[in-house]
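Here the structure is laid out as structure tokens; the discussion comes afterwards.
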Amino acid sequence: MTMMKKLLTSAVASTLMVGGAQAEISGDTVKIGYLADMSGTYRDLAGPNGLAALNMAIKDFGGTVNGAKIEVVSADDRNSPDTSSSTVRRWVENDNVDLVAGMVASSVSIAVSKILEENDRLGIISGSAASSITNEHCTPNHIHYVYDTYPLANGTASAVVQEGGKSWYMLTADYAFGHALEGDVTRVVEASGGEVIGTVRHPFPTQDFSSFILQAQASGADVVGLANAGADTTNAITTASEFGLTQSGQTLAALLLFLTDVHALGAETAQGIQLTTGWYWDMNDEAREWSDRFMAETGVRPTMVHAGIYSSTIQYLNAVAATGSDDAQTVRQQMMDTPINDMFAKNGRIRVDGRMVHDMYLAEVKTPEASENEWDLYQILRTIPADEAYRPLSESKCKLVNN
Amino acid sequence: MTMIFGVPLAVLSGQLLIGIINGAFYALLSLGLAVIFGLLKIINFAHGAMYMLGAMVTVLMFDTLGISYWVALFLAPLVVGTFGVLIEYFLLRRIAGQDHIYSLLLTFGAALIIQGVLVNIFGVSGLRYAMPDMFKGGMNLGFMFLPYYRAWVIVAALLVCFGTWFVIEKTKLGAYLRAGTEDSQLMQGFGINVPLLISLTYGFGVALAAFAGVLAAPIYSVTPVMGSSILIVVFAVVVIGGMGSIGGAIITGILMGVIEGLTKTFYPPASSAVIFLVMVLVLMFRPSGLFGKEA
């Protein structure tokens, strides 16, 4: 009888325990909000195809996590911190969103991460560039996954300075991202023995760059550095080539170029440009295999942001499965404890400041002769090891790091 | 070196020239708006979309049919102009005589639909369009390197602007047009097909925007969103020049290009706002615009 009682009690207890673990996934649903520029300047590098990558990840994961369903909501951030803030506030306060993914314009990510911190939810930022996101703007509630301005400057700027480009003139997009990139480039240029002799900050977005290109030409600098992104960068490169900037002996350094930008420019215009990237679709078998699937789904080759969204979503769901919880801190800790080696990242790990550090790559745009098809655009020149690429924690201003 | 406010004279001359080139674009675009508003009293918020269509049609005609730049210079405005006539015939005509706000909302909605559909198909990264061979390169003016193509933009834009002004203000056709919109019943009585005249005028205004789009195709990234940012600036230009003033739109367009160019040199962060600042000042002190007729 006592035996029977014991058995029953333990059966009840274990049912309760399983039930308890289940209940830790709030509402028996893991809800992911995808926030990105769906219609503006930054649409193609993340946008609707980023949502496709997110959905691919959920499908590959099996559609449920520990029996809880996975739901996705999405919204256009319109590149506006205000619009995004009210969207995310609604998501976390009314819709019980557990994870906000995507996020492109750095100003948007910084604004959103504050709301996530207030409400203790998790954000994984894949599209943004500003290194300040995990430095002075770090929170215990977000992870910056794909790349940031620090390795962009480290990779590209130091390579250009080593080739003799000592004096720099910066063309900077006048908002958080541009300022962060400009700061990181200046640091790298000066550390490598070069000098930034002038800067012009242009409004975001700008269509006509002729006036700024003319100022850059008049500066007499060896290198004109473009600290902007998307259509601003492609417009600036087109105008620079029209005004004969490179023919007059100046070098153009584009600090942030996405595959979609290079594709828009074409190998003819973009050939020889050096750039730093976190990932390239043709860099190894795993990347190729995944990007073939992505292309079958969307019709285009993925950018590093698309691949990052896929990879980070899988990592997130793994962490939810392992901990049986969708609590932001529990999941973030689990993700920090898990090294990342997948189709996207090599030697990846998430640091306490939220920075996912992984190997980065210095690439050069192929010549039209060497390019076999419209997406065959990069040649990888060298790998920048994870530990060299990103800002070391010893230099961090993040409040989560004890310096 | 001679300096003006800390900027070398050579750089300043270059910036003035760049300002005139950009002003030529503004002039061409605001001219179309002024024609449409001046003659039809329609506030055409689809103007930016038509400019974008001009550029997109140029690129697509080249990619699919191999149609060259020179042919596109005529054909793209014709195609987009015809599209404009259809919009006038099927949509705008139905709200003729209503408050301005109706045409504003209708054209704004049409523009959003056109832009949204194209974004879905082509994305926003931009389509490639190669510079025509004869315009490759440029000349050294001493104070700056002037690409041949930018020189051509000034010439082409000014010719078209002057031609339009001449036709509307100085010819019999222009007189019919102005009279037809002033008192359409009387003109009908004289045996003139006023509805047709109105459709064609809208089509023509839209074709001017498309022409600017063709001019823009080789030098700017051609994307479905390229028209949305320029539209507001061009409206400001029309307001500054005086709504409906044809000559005023042309002169103000060039003037605003120059003012914007100079701001880009002296204080770049203000360059996207300076035109609106001018607009506020003009509205405060001369509400009918610099060249507006009614006091």
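First to last, the sequence lines map onto chains A and B.
All residue numbers for the first sequence refer to the UniProt record's numbering, where the first residue is 1 and numbers rise by one.
All residue numbers for the second sequence refer to the UniProt record's numbering, where the first residue is 1 and numbers rise by one.
Note that beta-carbon positions come from the ideal geometry of N, C-alpha and C, so glycine has one too.
Positions along the region 214–245 of chain B whose CB lies within less than 8 Å of some CB in chain A: I219, Y220, S221, T223, V225, M226, S229 and I230
8 Å Cβ cut-off: residues of chain A touching B/I101: Within chain A, no residue comes near B/I101; the closest Cβ sits about 24 Å away, beyond 8 Å.
Contact with chain B by A/L255, beta-carbon distance below 8 Å: The C-beta of A/L255 comes no closer than 8 Å to any C-beta of chain B.
Min CB distance A/S211 to chain C below 8 Å: Checking the listed chains, one finds no chain C in this structure; the protein chains it contains are A and B.
Residues within the region 258–269 of chain A neighbouring chain B, beta-carbon criterion of under 9 Å: F258, T260, D261, H263, A264, L265, G266, E268 and T269
Where A/G164 falls, given that 16 or more other Cβ within 10 Å makes a residue buried: exposed
Proximal residues of chain A, C-beta to C-beta of B/I18 below 7 Å: Neighbours of B/I18 on chain A, chain order: S210, S211 and L214.
Status (buried if at least 16 other CB within 10 Å, exposed otherwise) for B/I232: exposed
Interface flag, A/A68 vs chain B, CB-CB below 8 Å: no
When A/A389, A/K397 and A/V401 are compared against A/S158, the one with the closest alpha-carbon: A/A389
Residue of A/S126, A/M356, A/G272 and A/T41 minimising C-alpha distance to B/V124: A/T41
C-alpha distance - B/K172 paired with B/Y202, whole-angstrom precision: 18 Å
C-alpha gap between B/V238 and A/R288, whole angstroms: When rounded, the distance between both Cα atoms is 52 Å.
Every unbroken alpha helix (DSSP H) within the region 146–223 of chain B, with a cutoff of 4 residues, ordered by chain: 148–170, 172–182, 184–189 and 194–216
Near-chain A residues of the region 115–126 of chain B (beta-carbon distance less than 9 Å), N- to C-terminal order: Going along the region 115–126 of chain B in chain order, one finds Q115, G116, V119, N120, G123, V124, S125 and G126 with a Cβ nearer than 9 Å to chain A.
Opening and closing residue of the beta strand (DSSP E) in which A/W281 lies: Counting along the chain, A/W281 falls outside any beta strand (DSSP E), and DSSP gives it neither H nor E.
Option in A/F258, A/T269 and A/L99 with minimal Cα separation from A/T276: A/F258
C-alpha gap between B/L78 and B/Q185, whole angstroms: 29 Å
Stretch pair the region 219–233 of chain A + the region 253–273 of chain A: three plus CB contacts closer than 8 Å: Look at the beta carbons and you see the region 219–233 of chain A touching the region 253–273 of chain A: at least three pairs across the two are nearer than 8 Å.
Coarse secondary structure for B/H100, derived from DSSP in three states: The three-state reading of DSSP puts B/H100 in helix, counting H, G and I together.
C-alpha distance - A/G272 paired with B/N22, whole-angstrom precision: 30 Å
Residues near A/K399 by beta carbon distance below 8 Å, same chain, minus five either side: C138
When B/E260, B/A212 and B/Y176 are compared against A/F209, the one with the closest alpha-carbon: B/E260 is the residue among B/E260, B/A212 and B/Y176 whose C-alpha sits nearest the C-alpha of A/F209.
Neighbouring residues, chain A, relative to B/Q188 (Cβ below 7 Å): Chain A residues near B/Q188: none, gap ~43 Å exceeds 7 Å.
Per-residue burial, B/F25 [other beta carbons within 10 Å of its own, 16 or more giving buried]: With 16 or more other Cβ atoms within 10 Å, it is buried.
For A/V146, the three-state DSSP class (helix, strand or coil): Shown here, A/V146 sits in coil according to DSSP, grouped into three states, outside any helix or strand.
Separation of B/V214 from residue 296 of chain B, as counted between CA atoms: A question about residue 296 of chain B goes unanswered here, because the residues of chain B that appear run from 1 up to 295.
Where A/L362 falls: helix, strand or coil (DSSP): strand
Host beta strand (DSSP E) of A/E190 (start-end): Premise fails: A/E190 lies in the alpha helix (DSSP H), A176 to A191, not in any beta strand (DSSP E).
CB contact below 8 Å: B/Y149 versus chain A: yes
Helix, strand or coil at A/G19 [DSSP, three-state]: Residue placement at A/G19 cannot be trusted, given a pLDDT of 42 that sits under 50; what the coordinates show is reported in the next sentence. Helix.
Test item: CB-CB of A/S312 and A/A101 under 8 Å: Against a cut-off of 8 Å, the Cβ pair of A/A101 and A/S312 comes out as a contact.
When B/N193, B/Q115 and B/F45 are compared against B/L105, the one with the closest alpha-carbon: B/F45
Reduced DSSP secondary structure (H/G/I, E/B, other) of A/R382: DSSP, read as helix, strand or coil, puts A/R382 in strand.
Span of the beta strand (DSSP E) around B/G257: Looking at the DSSP string, B/G257 is not in any beta strand (DSSP E); the run it does join, the alpha helix (DSSP H), is I246 to F266.
Closer than 8 Å to chain A by CB, B/M279: Contacts with chain A at 8 Å (Cβ-Cβ) do not include B/M279.
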